[in-house]
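Quick notes on the structure that follows.
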Amino acid sequence: MAVTGGYQLQRGDKRLILAYIFIALAHLAVGILLGFMQGMQHAGIDLYKYTFLAHYYQGLSIHGVYNALVFTTFFIAGFLHFAMTYSLKRPMHSTKLSWFTFWLMTAGLIMVDWALLTNRASVLYTSYAPLQAHPAYYIGLVLVVVGTLLLLANCLLTYLGWRRDHPGQKTPLPAFGVLATLIMWGMASVGIAVQFIFLLIPWSLGLTDGVDPLVSRTLFWFTGHPLVYFWLLPVYISWYFMLPKQAGGKLFSEPLARLAFLLFIPLSLPVGFHHQFLDPGVSTGYKAVHAFITFGVFMPSMLTAFTVLASIESGGRARGGKGRLAWIKSLPWNDPSFTAQVLAMLLFALGGISGLVNASFTVNLVVHNTMFVPGHFHLTVGTATAMTFMAVAYWLVPYLAKRKLWGRRVALVQSALWFIGMAIMSRGMSWAGLMGVPRRTALGSAPYVLPEWLTAFNWMAVGGAVLTISGLLFFVVLIMTVLRGQRAEDIEVPLAEPLQEETIPWYLDRFRPWVIGAAVLVLMAYGPAIAQLVSISNPASPGFMPY
Amino acid sequence: MHIHPYERLWIRLSVIMLIVFGIAIALSSLTFGIEIPGATRRAVATGLPVDATPEQSWIRELGPGRYEVNMIARMWGFDPNEIRIPKGSTVTFYLHSQDVLHGIKIRGTTVSMMVIPGQVGRATYTFDEPGEYIFLCHEYCGLGHHVMSGKIIVEG
Chain H
1 MAVTGGYQLQ RGDKRLILAY IFIALAHLAV GILLGFMQGM QHAGIDLYKY
51 TFLAHYYQGL SIHGVYNALV FTTFFIAGFL HFAMTYSLKR PMHSTKLSWF
101 TFWLMTAGLI MVDWALLTNR ASVLYTSYAP LQAHPAYYIG LVLVVVGTLL
151 LLANCLLTYL GWRRDHPGQK TPLPAFGVLA TLIMWGMASV GIAVQFIFLL
201 IPWSLGLTDG VDPLVSRTLF WFTGHPLVYF WLLPVYISWY FMLPKQAGGK
251 LFSEPLARLA FLLFIPLSLP VGFHHQFLDP GVSTGYKAVH AFITFGVFMP
301 SMLTAFTVLA SIESGGRARG GKGRLAWIKS LPWNDPSFTA QVLAMLLFAL
351 GGISGLVNAS FTVNLVVHNT MFVPGHFHLT VGTATAMTFM AVAYWLVPYL
401 AKRKLWGRRV ALVQSALWFI GMAIMSRGMS WAGLMGVPRR TALGSAPYVL
451 PEWLTAFNWM AVGGAVLTIS GLLFFVVLIM TVLRGQRAED IEVPLAEPLQ
501 EETIPWYLDR FRPWVIGAAV LVLMAYGPAI AQLVSISNPA SPGFMPY
Chain D
548 MHIHPYERLW IRLSVIMLIV FGIAIALSSL TFGIEIPGAT RRAVATGLPV
598 DATPEQSWIR ELGPGRYEVN MIARMWGFDP NEIRIPKGST VTFYLHSQDV
648 LHGIKIRGTT VSMMVIPGQV GRATYTFDEP GEYIFLCHEY CGLGHHVMSG
698 KIIVEG
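Here is the structure:
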């Protein structure tokens, strides 16, 4: 397989990617500060009164949307644009479409920002009807999603062009991962598209009188769970195809890496009912089906655990490491980008296990809507994704800005602090959850708080404070890199080669059979349940804005 | 396609682990008397008391130690928000929402569910231990979400 060396992105592409990353990180900064305020609120310190924010729930809505939707989506758009063009060594099919996509997403984002910051959309990240937000919020989010679909279109056209010019060649791995990610997401976005365009937008504009809350919620989770794989697969692009090179090694198994990405296309989709186990009105049988498919989607992540760790080991041994475990000492621990991603993996293992707990049909009863759930997803999207994106920024921003990374040691401290802070905070959250503490609640003002909960709340607050310091250091490093970093033309882009050159079966380099399989599986596991919900739907709920 | 023997082993073990978990979940759902809200429970669905509707709350004693409670959730409280029953009582709850989504979790029991406008939630629990059982809303429902709670007093 072709190792990409020497290909330089076009200047316009670099500017575009930097613009995506800038918007992503600016929103992350706000999101982190709001997280700090939430931790303090749980410990009994109300910081909201010193800000323009109306209350805890406005802050919580911004925290969720900025961190989990805006930071992720904009960073992913930039990173996938980079991985696609760099690994295929060709610019996007249409530069005009690339910029149109960016401006469309940004326009949507401005609408979302306005609605959130003016307390017109304090409906939290899930926007469950009959809570109603300002139409600008829904329309803005739709524009952002449409942008991601335009990115998919542009990447597909670029890929088809590459295939015409390279008959008989395997798709380069990072581009392969980009396509799997976007194709999965394209299929997943159908739910939220229908929900927003046909239900929520007309309803918020006053064109319809009501919605059916259960139908709306079901459509949301059709997209809402695959969304987490939209956050995760770009992380896997880095772990499989870049991190082995940073470790000094090679990708352990190319076919299994491809298989893992392809498995996510069918298995990510028909799992949404595991968010609705406790919904009256959804059939128990379909809930059970989704519970088992959710276990299935754990498999590609198990494949990833083996392949990625084996790839890292190949790096440790290539750098002279010996012994059963002594090779670990030979790994490049002084490289913050490497170290951050390995630390992210450690916590992600716990995140995966707590995810299995959530997805377990009956055990979920104990943890449903408790603090256990944020305890879980701060280890996944808040660590695996956020920390890996930070780690990617530690080489991608220097590459794009042609500056060496400023403050390598500060970056190492930052990574360690994120790991420690998240371990403390998530421990507090999981513990609180097992004691029955509800999530998404201004606990500092709740009348039913028990004394034995308070220690866990303090863990959450302390962890949040450590994370905030880590976040500040991250921004210091990046800002100083761009402003004061030593100029350098030759920043390396880490791209790993497979350990073995081998031919792969055709179905590991084609998406069509997997897309068809996904469509069939979705129709079977979702089709009848949704058809039945829609057939008896009663769109009678008017909107409420109690915030 | 070449797969390393260790990796084959790893894949097998992973599959076995998930199958064991799956069996454990299936067994637990059949044996522990856990009730997962299911089927279609519209306000007009069959198998419910005719007056289990979102309009009016009530508590009814069906027989010695057997109760039904028709409970209404609205911003930001439950109606009724205090229930007194003798120790050993079996209570079936019917849950309705008059406005937005709510949730209910009765601490120290297996009762936890979403309360969705247009649907009826049902759960049954036997209160063997005397004491105070706090129940609270566990789905965000607006500004007063965190004050939405009530209690069941089980008299010994």
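So the sequence lines, in the order shown, correspond to chains H and D.
Sequential numbering of the first sequence, starting at 1, is according to our numbering.
Sequential numbering of the second sequence, starting at 548, is according to our numbering.
C-beta atoms are modelled at their ideal positions from N, C-alpha and C, and glycine is treated no differently.
No experiment lies behind these values; they were computed from the predicted model shown.
To which residues of the same chain is residue i closer than 7 Å at the C-beta, ignoring the five residues directly before and after it?
i              : result
G517 (chain H) : P266
G12 (chain H)  : T95
N364 (chain H) : F277, N358
P374 (chain H) : M429, R439
T73 (chain H)  : V144, T148
M390 (chain H) : A340, F474
K245 (chain H) : P494, L495, A496
Run through the DSSP bridge pairs and tell me what residue i is partnered with.
i              : result
L251 (chain H) : H:P498
E679 (chain D) : D:I700
M105 (chain H) : M105 (chain H) is not bridged to any residue.
S541 (chain H) : H:V211
G624 (chain D) : D:R621
V638 (chain D) : D:Y614, D:Y672
K652 (chain D) : D:S659, D:L683
T370 (chain H) : H:P438
Nearest to residue i by alpha carbon, out of the options?
i              : options                        : result
P539 (chain H) : H:L199, H:Y547, H:H225, H:T370 : H:L199
L16 (chain H)  : H:E492, H:H55, H:I76           : H:I76
L205 (chain H) : H:A260, H:A133, H:A310         : H:A133
I632 (chain D) : D:L642, D:P611, D:V694, D:V667 : D:P611
A260 (chain H) : H:G78, H:M40, H:T304           : H:T304
V289 (chain H) : D:I572, D:I558, D:V658, D:L556 : D:I572
R409 (chain H) : H:P336, H:K329, H:E313         : H:P336
G527 (chain H) : H:H378, H:W395, H:L269, H:L450 : H:L269
L116 (chain H) : H:H166, H:L60, H:Y86, H:T171   : H:L60
A384 (chain H) : H:D165, H:F348, H:T481         : H:F348
W514 (chain H) : H:L343, H:A180, H:T380         : H:A180
G285 (chain H) : D:H649, D:I583, D:H549         : D:I583
A529 (chain H) : H:V123, H:G78, H:V271, H:M40   : H:V271
L648 (chain D) : D:V567, D:M622, D:I630, D:E702 : D:M622
S360 (chain H) : H:G323, H:V142, H:M422, H:A291 : H:A291
Q41 (chain H)  : H:W395, H:S354, H:L28, H:G464  : H:G464
E702 (chain D) : D:C684, D:I558, D:I630, D:R559 : D:I630
L642 (chain D) : D:M564, D:L560, D:A599, D:S696 : D:A599
I479 (chain H) : H:L18, H:L9, H:Q10             : H:L18
Assign residue i to buried or exposed, taking buried as 16 or more other Cβ atoms, counted over all protein chains shown, within 10 Å of its Cβ.
i              : result
G316 (chain H) : buried
D675 (chain D) : exposed
G436 (chain H) : buried
Y553 (chain D) : exposed
L207 (chain H) : exposed
E686 (chain D) : buried
L609 (chain D) : exposed
V597 (chain D) : exposed
F264 (chain H) : buried
D279 (chain H) : buried
Y448 (chain H) : buried
L325 (chain H) : exposed
L79 (chain H)  : For the record, residue 79 (chain H) in the displayed sequence is Phe; it is not Leu. F79 (chain H) is buried by the Cβ-count criterion.
M225 (chain H) : Met is not the amino acid found at residue 225 (chain H); the sequence shown has His there. Buried is the call here.
Whole-angstrom Cβ separation of residue i and residue j, contact assumed at under 8 Å?
i              : j              : result
F220 (chain H) : T126 (chain H) : 6 Å
G177 (chain H) : F222 (chain H) : Contact flag wrong, Cβ pair sits at about 23 Å.
T468 (chain H) : F100 (chain H) : That belief does not hold up - the Cβ atoms of T468 (chain H) and F100 (chain H) are roughly 36 Å apart, past 8 Å.
V662 (chain D) : F640 (chain D) : About 10 Å separates the two Cβ atoms, so there is no contact after all.
W239 (chain H) : V308 (chain H) : 5 Å
G210 (chain H) : P505 (chain H) : Rounded, the Cβ-Cβ distance is 51 Å, inconsistent with contact.
L331 (chain H) : I312 (chain H) : 7 Å
Keeping to the same chain, check which residues put their C-beta closer than 6 Å to that of residue i; ignore five residues upstream and five downstream.
i              : result
Q414 (chain H) : S470, L473, F474
G31 (chain H)  : H63, Y66, N67
S535 (chain H) : none
E679 (chain D) : K698, I700
G433 (chain H) : V367, T370, M371, F372, G375
P627 (chain D) : S604
A620 (chain D) : S644, H649, V662
Which same chain residues end up closer than 8 Å to residue i when comparing Cβ atoms and leaving out the 5 residues on each side of it in sequence?
i              : result
V562 (chain D) : none
The ligand SAH and residue i: does any heavy atom of the ligand fall closer than 7 Å to the residue's C-beta?
i             : result
I21 (chain H) : The ligand SAH is not part of this structure, which contains no ligands at all.
* To do: Note down, in chain order, all residues in the segment 493-511 of chain H with a beta-carbon under 7 Å from any beta-carbon belonging to chain C.
  => Annotation note: the requested chain C is absent from the structure, which comprises protein chains H and D.
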